[in-house]
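Notes follow once the structure below has been shown.
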Amino acid sequence: MKSWRAVAVVLVLAAAGFLVSCDAGGDGAPGADVTGRVVPSGEGSPGGATGGSSPHSYEISGAKALDVRNENGSVRITVGSGPMSVTETLEYGAVKPATRHRVEGGTLRLVGSGCGNSRPCKVDYVVRVPPATPVTVRVDNGEVEADGVTGAVDLGTGNGSVTGTALGARRASLTSENGTVEATFAVAPQEVTTTTENGMVTVTVPPGTAYDVRARTGVGMRQVSVPTDPSSSRRITATTENGMVTVQTG
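Its first residue numbered 0, the sequence shown is counted upward by one per residue in numbering that gives the first Met the number 0.
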């Protein structure tokens with residue numbers, strides 16, 4: 000009798016173990032893992048990839064200038080009516096980059112942080128500013144673009160291209176350590192500085208105005224086709240260590 004009871008107990012325990020195994024998510028459906036802990040969406044086993052892409056848009060009223068500091072990712076500036084509008088798009092893996100924004104002394108300050116050694120990791124900004132807004136951008140790794148900006152422009156990146164199109168700024172500075180630099184003006188500027196260490200530099204201005212042009216390249220061609228006058232109050236500086244330098248009308 001005792002032996003039959005022992006066999007029955009073993010069978011009951013085996014059946015219970017089978018049911019627990021099935022209830023622990025063996026069919027691959029989301030839910031609790033084998034420890035009973037609920038796994039958040041996007042979380043996998045240790046070493047698994049997580050993250051995604053997350054766009055976020057908002058408007059800021061009352062700001063008169065823009066300052067962007069971004070570790071990784073592109074920054075694009077456009078011009079339009081109304082308050083400043085910002086769209087942040089985050090792309091990340093195991094670690095999500097942080098973004099911050101605040102208005103300080105009339106300047107909207109945007110900051111995009113990195114993710115340590117986690118990859119991918121970037122914050123792409125698209126910012127619309129009112130006409131005549133001064134713009135400053137600094138990026139460690141990423142492209143910088145400004146289209147139609149009429150306020151003072153100061154754009155820089157460590158790695159990536161810097162492009163200004165249809166600019167109406169009297170003063171503009173566009174710099175890169177590694178990447179092409181292009182600046183095209185809709186109206187004659189007062190002072191332009193365009194520099195890179197590795198890459199081409201191209202400055203295009205409307206015809207009919209003479210400039211004090213200072214164009215230099217360490218290795219590459221130098222082409223200047225705008226009217227030049229060393230005594231002119233309008234100055235264009237275009238330099239690169241490796242690449243072609245072009246200052247032209249168009």
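Cβ atoms here follow ideal geometry from the backbone N, Cα and C, with glycine treated the same way.
Check the Cα spacing between GLU190 and each of ASN197, THR179, ALA209: the tightest is with ALA209. Boundaries of the beta strand (DSSP E) harbouring PRO54: 51-59, taken from the DSSP string. Counting along the chain, MET199 sits inside no beta strand (DSSP E), nor does DSSP assign it H or E at all. For the options ARG75, GLY81, PRO82, GLY79, the alpha carbon positioned closest to that of THR88 is the one of ARG75.
Taking a C-beta distance under 8 angstroms as the contact criterion, VAL218 and THR195 do not qualify as a contact pair.
The alpha carbon of ALA62 has as its nearest neighbour, out of SER53, VAL128, THR77, the alpha carbon of VAL128.
Per DSSP, the beta-bridge partners of CYS120 are TYR91. The shortest CA-to-CA distance from PRO82 to any of ASN197, TYR57, ASP228 is the one to TYR57.
Excluding five sequence positions before and after ALA237, the CB atoms of its chain that fall closer than 6 angstroms to its own CB belong to THR193, VAL200, VAL202, ALA214, VAL244, VAL246, given in chain order. In this structure, the beta-carbon distance from VAL204 to THR248 falls below 8 angstroms. The beta-carbon distance between SER160 and GLY178, rounded to whole angstroms, is 4 angstroms. This is short enough to meet the 8 angstroms contact definition. Counting of Cβ neighbours within 10 angstroms places ASP123 among the buried residues, the total reaching 16 or more. Residues of the same chain with a CB within less than 6 angstroms of the CB of ASP153, apart from the 5 flanking positions on each side, are THR135, SER172 in chain order. Considering only PRO188, SER117, GLU142, the residue with the shortest C-alpha distance to GLU90 is SER117. Cβ neighbours of THR162 within its own chain (closer than 6 angstroms, five residues either side excluded): GLU144, GLU181. Under the three-state reduction of DSSP output, GLY111 falls in the strand class. Judged by their CB atoms, THR156 and VAL125 are not nearer to each other than the 8 angstroms cut-off. Looking at SER231, GLU176, THR132, GLY104, the one whose alpha-carbon comes closest to that of ASN197 is GLU176.
Burial is judged here by how many other beta carbons sit within 10 angstroms of a residue's own beta carbon; ALA97 has fewer than 16 and is exposed.
In the three-state DSSP reduction, GLN247 falls in the strand class (E or B). In this structure, SER84 is the residue among ARG233, SER84, SER73 with its C-alpha nearest to the C-alpha of LEU65.
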